[in-house]
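See the structure below:
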């Protein structure tokens, strides 16, 4: 294990030296060298000098591209902090639909080390360690209304590759992001005492834009840089160095590249869902490989010998854009940084979760300077890629301070979209967009409906944001309460209502009895966001734990277990651990344990009684082990 840093260092030095000997291709030359499957093409949307050092990007409701230019970046261990903030936020627009920007604005300058951004709720959200910033622009005129506001602080940047990144609006109305393992943060609102801050050094976090609360969604992995949600609302991330693909479940603790989990009594963590390993240069597997990391036999040595790419990944996009061939629907696109290409992994249901199988090469850059690490789907259904574009792969130095590219990967099915502005649509049309084949429209419609609900509660909060129409809740309920409607459309409508006004207990109870396991699961998660869980809901959770045959539903119940007060966990825990069918599941035994562990310390005698009732050996073993620990 100790040899890994030296191997990585030698590789980086060797390939950096090689790359330095070759000049960077011009943007047009780079496009000409790219190879894709039949029917696909690449367009250079923007490149230097119009965009340089791009760290992150997102789309607004008009289909415009917002870009973070991180001009404070120096190396992964240093930055130009002493020179003051030099980052910029750009707005790039393609007004004629030819796939290239023709209009450029600088939204704001002098932002220190911008690492992630999203637009919404009357402004722009920007990662700028030590802060998560909100830059207000209530009337949407592309001019900040005031200086940036630090909504959260305490974000570290010990490793500049592993601070807050990959901002995504979740399907439930939260702003989600990632954080790496070698940066140490203690997050809270400005002025929060040290003891009340949330420690974070790897995982998925989330912040609610209207309730203004922050929490860690799941802990662990390595240097994650790429987060997306599938059509079921499940979170997936890609990560560098260690195995590359993860299904992130609320409350999960995942295999770490280094260091220890905050709770020493978790005893084991959840591993990657990838059933294959991506190798490094020369066909040599990553030192130790899966045979090292998964000595428990989860993966075979045969898998570690399969050559399936390089081991550093960035960007995660689960394609549901409606324009690519059907074979790509619901599959994960990611950048392979060391091999200068884009890959696809196939997601397949397995037990309570998923398995990721190798789907093959997608785009080969044939350019040693191509570093694609940030992906998104746009309004035409095309896939967009940020290219950091540098001779150095691992970020030990920036050789090319003046480069950066954004590419659009299209299929012949992608059709131009002009004069787009979803914010001008009324509620009824936004509700209709929740059924759009391109989830870009559904995601933006859901967020706009959420903004309007907030505006209706606080009149005058945001100029130009219309209050929710009286008919809108009814329009949504006709979709999510209709058992004959499409499952994905039902979930989108349900979560839109949850984000806007919440779902009352009677509706939640009804959805917990629905025939669709996805809606039953999400009803559990929505119920547990309430400050208190009423007895009717708690009784229903226990009933579901006893009788619901879906492991996918029990995944949500396992997450719910951790969110309940200790006194309310016992009956639910006892019901969950009685399922012998779960004993070898990828997620469930450990998730059950994470919810049970504090019960052992609270009431050792009662916890030991659970050992006589469980049919999961791991639970029995860990309860005994924890009861003997100090």
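In my numbering, the protein residues as written are 3 to 632. Virtual Cβ for every residue (Gly too), placed ideally from N, Cα, C.
(1) Find the nearest neighbour of residue 446 within the set 42, 60 and 45, judged by alpha-carbon distance.
(2) So the candidates are 342, 46 and 64; which of them puts its Cα closest to the Cα of residue 422?
(3) Given residue 582, which residues of its chain have a CB within under 6 Å of its CB, disregarding the five upstream and five downstream residues?
(4) Could you give the first and the last residue of the continuous alpha helix (DSSP H) run that contains residue 554?
(5) To test your reading of the DSSP string, which unbroken alpha helix (DSSP H) runs of 4 or more residues are found completely within the stretch 461–524?
(6) Just tell me which of 529, 497, 532 and 486 has its CA closest to the CA of residue 518.
(7) Once DSSP output is grouped into helix, strand and coil, what is the label at residue 52?
(8) Determine the extent of the beta strand (DSSP E) in which residue 367 is found, giving its start and end residues.
(9) Determine, using beta carbons only, whether residue 365 and residue 336 come nearer to each other than 7 Å.
(10) What's the call for residue 31, buried or exposed, on a 16-neighbour Cβ count within 10 Å?
(11) Taking its Cβ as the centre, do 16 or more other Cβ atoms sit within 10 Å of residue 619, making it buried, or is it exposed?
(12) Suppose you measure from the CA of residue 479 to the CA of residue 341; what does that come to, to the nearest Å?
(13) If I measure Cβ to Cβ from residue 305 and keep anything under 8 Å in the same chain, skipping five residues before and after, which residues do I get?
(14) Helix, strand or coil for residue 140? Go by DSSP, reduced to three states.
(15) Using 7 Å as the threshold, is the C-beta distance between residue 543 and residue 570 below it?
(16) For the putative contact between residue 200 and residue 189, defined by C-beta atoms under 8 Å, what is the C-beta separation to the nearest angstrom?
(17) List the residues that DSSP assigns as beta-bridge partners of residue 82.
(18) Starting from residue 220, trace the alpha helix (DSSP H) both ways and give me its first and last residue.
(19) Who are residue 355's beta bridge partners in DSSP?
(20) Determine contact between the stretch 363–378 and the stretch 425–440, defined as no fewer than three beta-carbon pairs at a distance below 8 Å.
(21) Please name the residue in 408, 382 and 208 whose C-alpha comes closest to that of residue 373.
(22) Hey, out of 596, 70, 52 and 80, whose CA is closest to residue 1's CA?
(23) My assumption, with CB atoms under 8 Å, is that residue 156 sits in contact with residue 132. Please give the rounded CB distance.
(24) Rounded to the nearest angstrom, what separates residue 34 and residue 504 at their Cα positions?
(25) Could you give the residue range of the beta strand (DSSP E) that holds residue 178?
(26) Please report the residue range of the beta strand (DSSP E) in which residue 199 lies.
(27) Might you give, ordered along the chain, the residues of its own chain that have their beta carbon closer than 6 Å to the beta carbon of residue 210, omitting 5 neighbours on each side?
(28) Quick one: what does DSSP say residue 637 is sitting in, helix, strand or coil?
(29) Looking at C-alpha atoms only, which residue of 317, 552, 92 and 165 is the closest neighbour of residue 377?
(30) Report buried or exposed for residue 476, applying the criterion of at least 16 other Cβ atoms within 10 angstroms of its Cβ.
(31) Please list the terminal residues of the continuous beta strand (DSSP E) segment that includes residue 94.
(32) How long is the line joining the alpha carbons of residue 214 and residue 230, rounded to whole angstroms?
(33) For residue 305, does the three-state DSSP call read helix, strand or coil?
(34) Helix or strand or just coil, what does DSSP make of residue 285?
(35) Among the candidates 580, 621, 614 and 460, whose CA atom is the shortest distance from the CA of residue 598?
(36) What do you reckon, are the CB atoms on residue 138 and residue 149 nearer than 7 Å?
Per the coordinate set shown:
(1) 60
(2) 64
(3) 617
(4) 553–565
(5) 474–482, 489–502 and 507–514
(6) 486
(7) coil
(8) Element bounds for residue 367: n/a, residue is neither H nor E.
(9) no
(10) exposed
(11) exposed
(12) 47 Å
(13) Only weak support is given to the placement of residue 305: the predicted model assigns it a pLDDT of 35, under 50, and the question is left unresolved by the model.
(14) coil
(15) no
(16) 5 Å
(17) Note: residue 82 sits in no beta bridge, so no partner.
(18) Run containing residue 220: none in the alpha helix (DSSP H); it sits in the beta strand (DSSP E), 216–223.
(19) 352
(20) no
(21) 408
(22) The first residue shown for the chain is 3 and the last is 632, placing residue 1 beyond what the model contains.
(23) 6 Å
(24) 50 Å
(25) 177–181
(26) Neither: residue 199 is in no beta strand (DSSP E) and is coded neither H nor E.
(27) 176
(28) Coverage of the chain is limited to positions 3 through 632, which leaves residue 637 absent and any answer about it impossible.
(29) 317
(30) exposed
(31) 89–95
(32) 22 Å
(33) Any reading at residue 305 must be qualified, since the residue scores a pLDDT of 35, below 50, and its modelled position is unreliable; the value itself is stated next. Correct three-state label for residue 305: helix.
(34) For residue 285, the predicted model reports a pLDDT of 39, less than 50, meaning its position is unreliable; a value from the coordinates is still stated below. The answer is helix: DSSP assigns residue 285 an H, G or I state.
(35) 621
(36) no
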